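Peer 1: Please see the structure below; I have some questions.
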Amino acid sequence: MNRKNYTHPNPNPNYTSNNSMQSLHFIQALARINRAASKPTTPSCRTKQIRHAAYSSMAYTSGSRRKWSRALLIRLRQRQRLRARRLLTVRRRVRIVTPAMSLPEEPARAETLRRLVPGGRSMEYCNLLEEAADYVQCLRTQVQLMQSLVDAFSS
Amino acid sequence: MSSQRRTITDEEIRELISKLQTLLPESRRRGANRASASKLLKETCSYIRSLHREVADLSDRLSDIMETMEGDNPQVEIIRSLLN
Numbered sequence: 001m002n003r004k005n006y007t008h009p010n011p012n013p014n015y016t017s018n019n020s021m022q023s024l025h026f027i028q029a030l031a032r033i034n035r036a037a038s039k040p041t042t043p044s045c046r047t048k049q050i051r052h053a054a055y056s057s058m059a060y061t062s063g064s065r066r067k068w069s070r071a072l073l074i075r076l077r078q079r080q081r082l083r084a085r086r087l088l089t090v091r092r093r094v095r096i097v098t099p100a101m102s103l104p105e106e107p108a109r110a111e112t113l114r115r116l117v118p119g120g121r122s123m124e125y126c127n128l129l130e131e132a133a134d135y136v137q138c139l140r141t142q143v144q145l146m147q148s149l150v151d152a153f154s155s
Numbered sequence: 001m002s003s004q005r006r007t008i009t010d011e012e013i014r015e016l017i018s019k020l021q022t023l024l025p026e027s028r029r030r031g032a033n034r035a036s037a038s039k040l041l042k043e044t045c046s047y048i049r050s051l052h053r054e055v056a057d058l059s060d061r062l063s064d065i066m067e068t069m070e071g072d073n074p075q076v077e078i079i080r081s082l083l084n
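This is the structure:
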């Protein structure tokens, strides 16, 4: 079935093809985690793997189109490498040093937003707002997806 | 890159801020239609934090669920086919 060319009136405007890509990435990651569960993993370790999968699928779906997703992918890979080499013992944030772009006339809250949105420190104020909006949308999709999975498996 | 910075109009900033406002759930808008940019940014920050917490919490619950699943569970395949 050729999905790319198949178009039909979308009854739910909130459901885009991006959403289904995100869902697919996440479910595939979950399946991988499940298959690898033959190795003894502590519950907290699995929780971390699932969290990693959640942010991964968010970042992969937006790919290189968005600054936040690029920054998030870099951050996730660095953490993965450090964890593999067992250097990530303490919960330390790996920060890429980039010049801060905050201007004096920005509202004070912009600084907090810069810290919350991946890669926000080096964004211009205008881009920061745009990226934040996209990031929020992606986060919401991820939360809805995970909630649906929990509901599906709990019933 | 800073030499290419174009002047950003107030209008564009207002538009982006109102876009952020539409993304916030109803409970957080609190009739703040004429909210200051600062207030809206504060709400957005707290909303992002709460979303991060939800992801962490749901990961925890999914982890519990996966623990009780055995082997290659057909439910995963069902969900996958439902999504396509």
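These protein sequence lines map, in sequence, to chains A and B. Okay, so the first sequence: first residue is 1 according to this note's numbering, each after it adds one. Okay, so the second sequence: first residue is 1 according to this note's numbering, each after it adds one. Built from N, CA and C at the ideal position, the CB exists for glycine as well. Quick caveat, the model's predicted, so the values are computed rather than measured.
What residues in the region 111-130 of chain A bring their beta carbon closer than 8 Å to a beta carbon of chain B?
Peer 2: Against chain B - using a Cβ distance shorter than 8 Å - the residues of the region 111-130 of chain A are Thr-112, Leu-113, Leu-116, Val-117, Glu-124, Tyr-125, Cys-126, Leu-129, Glu-130.
Peer 1: Are Cys-126/A and Ile-48/B closer than 8 Å when you measure CB to CB?
Peer 2: Within the first sequence, numbered from 1, the residue matching residue 126/A stands at position 126. Within the second sequence, numbered from 1, the residue matching residue 48/B stands at position 48. No; because the gap between Cβ atoms is not below 8 Å, this pair is not in contact.
Peer 1: At a CB distance below 7 Å, what residues from the region 47-69 of chain A approach chain D? Give them in sequence order.
Peer 2: Looking at the structure shown, chain D is missing, and the protein chains on hand are A and B.
Peer 1: Taking Cβ-Cβ distances shorter than 7 Å, what residues in chain A pair up with Arg-61/B?
Peer 2: Mapped onto the second sequence, residue 61/B falls at position 61. Residues of chain A passing the Cβ test: Val-150.
Peer 1: Given a threshold of 16 other Cβ atoms within 10 Å of its Cβ, counted over all protein chains shown, does Pro-118/A qualify as buried or as exposed?
Peer 2: In the first sequence, residue 118/A corresponds to position 118, counting from 1. When all chains shown are included, Pro-118/A counts as buried.
Peer 1: Taking just the CA atoms, how far does Leu-145/A sit from Leu-24/A?
Peer 2: Locating residue 24/A in the first sequence gives position 24, where the first residue counts as 1. Locating residue 145/A in the first sequence gives position 145, where the first residue counts as 1. For Leu-24/A and Leu-145/A, the distance between alpha carbons rounds to 10 Å.
Peer 1: Do you know offhand how far Thr-44/B's Cα is from Arg-121/A's?
Peer 2: Here residue 44/B refers to the residue found at position 44 of the second sequence. Here residue 121/A refers to the residue found at position 121 of the first sequence. Answer to the nearest angstrom: the Cα atoms are 16 Å apart.
Peer 1: In whole angstroms, what is the alpha-carbon distance linking Arg-51/A and Thr-141/A?
Peer 2: As a working mapping, residue 51/A is identified with position 51 in the first sequence. As a working mapping, residue 141/A is identified with position 141 in the first sequence. Looking at the two C-alpha atoms, the distance is approximately 14 Å.
Peer 1: Consider the Cβ of Ala-133/A: report whether some Cβ of chain B lies at a distance smaller than 8 Å.
Peer 2: In the first sequence, counting from the first residue as 1, residue 133/A sits at position 133. Yes, Ala-133/A counts as interfacial toward chain B.
Peer 1: Please state the DSSP three-state secondary structure of Pro-118/A.
Peer 2: Residue 118/A sits at position 118 when you count from the first residue of the first sequence. Coil at Pro-118/A, not helix or strand.
Peer 1: Under 8 Å between beta-carbons, which chain B residues line up against Gln-137/A? List them in chain order, please.
Peer 2: Mapped onto the first sequence, residue 137/A falls at position 137. Under the 8 Å cutoff, chain B gives Leu-23.
Peer 1: Which residues in chain B have a C-beta closer than 8 Å to the C-beta of Arg-140/A? List them in chain order.
Peer 2: For the purposes of this step, residue 140/A is taken as the residue at position 140 of the first sequence. Correct list: Leu-23, Leu-51.
Peer 1: Between which two residues does the alpha helix (DSSP H) carrying Ala-53/A extend?
Peer 2: If you number the first sequence from 1, residue 53/A lands on position 53. Note, Ala-53/A: alpha helix (DSSP H), 43-62.
Peer 1: Between the C-alpha atoms of Leu-73/A and Asp-57/B, what's the straight-line distance to the nearest angstrom?
Peer 2: Translated into the one-based positions of the first sequence, residue 73/A becomes position 73. Translated into the one-based positions of the second sequence, residue 57/B becomes position 57. When rounded, the distance between both Cα atoms is 22 Å.
Peer 1: Does the Cβ of Glu-11/B have 16 or more other Cβ atoms within 10 Å, making it buried, or fewer, making it exposed?
Peer 2: Your numbering for residue 11/B matches position 11 in the second sequence. So Glu-11/B ends up on the exposed side.
Peer 1: Indicate the three-state DSSP secondary structure (helix, strand or coil) for Arg-140/A in the structure shown.
Peer 2: Locating residue 140/A in the first sequence gives position 140, counting from the first residue. Helix, per DSSP.
Peer 1: For a contact meaning CB atoms closer than 7 Å, what does Glu-54/B contact in chain A?
Peer 2: The residue you call residue 54/B lines up with position 54 of the second sequence. Within chain A, the residues near Glu-54/B are Val-143.
Peer 1: Under DSSP, the alpha helix (DSSP H) around Ala-29/A begins and ends at which residues?
Peer 2: As a first step, residue 29/A must be located in the first sequence, where it is residue number 29. Note, Ala-29/A: alpha helix (DSSP H), 17-35.
Peer 1: Could you check whether the Cβ of Glu-124/B sits closer than 8 Å to any Cβ belonging to chain A?
Peer 2: Any answer about residue 124/B is impossible in this case: the structure gives chain B only from 1 up to 84.
Peer 1: Using 10 angstroms around the beta-carbon of Arg-81/A, count the other beta-carbons present and answer buried if the total reaches 16, otherwise exposed.
Peer 2: Along the first sequence, read from residue 1 onward, the residue named residue 81/A stands at position 81. Looking at its Cβ environment, which holds fewer than 16 other Cβ atoms inside 10 Å, Arg-81/A is exposed.
Peer 1: Have a look at Asp-134/A, Arg-77/A, Asn-34/A and flag the residue whose alpha-carbon is nearest the alpha-carbon of Thr-22/B.
Peer 2: Position 22 of the second sequence, counted from the first residue, corresponds to residue 22/B. The shortest C-alpha separation from Thr-22/B is found at Asp-134/A.
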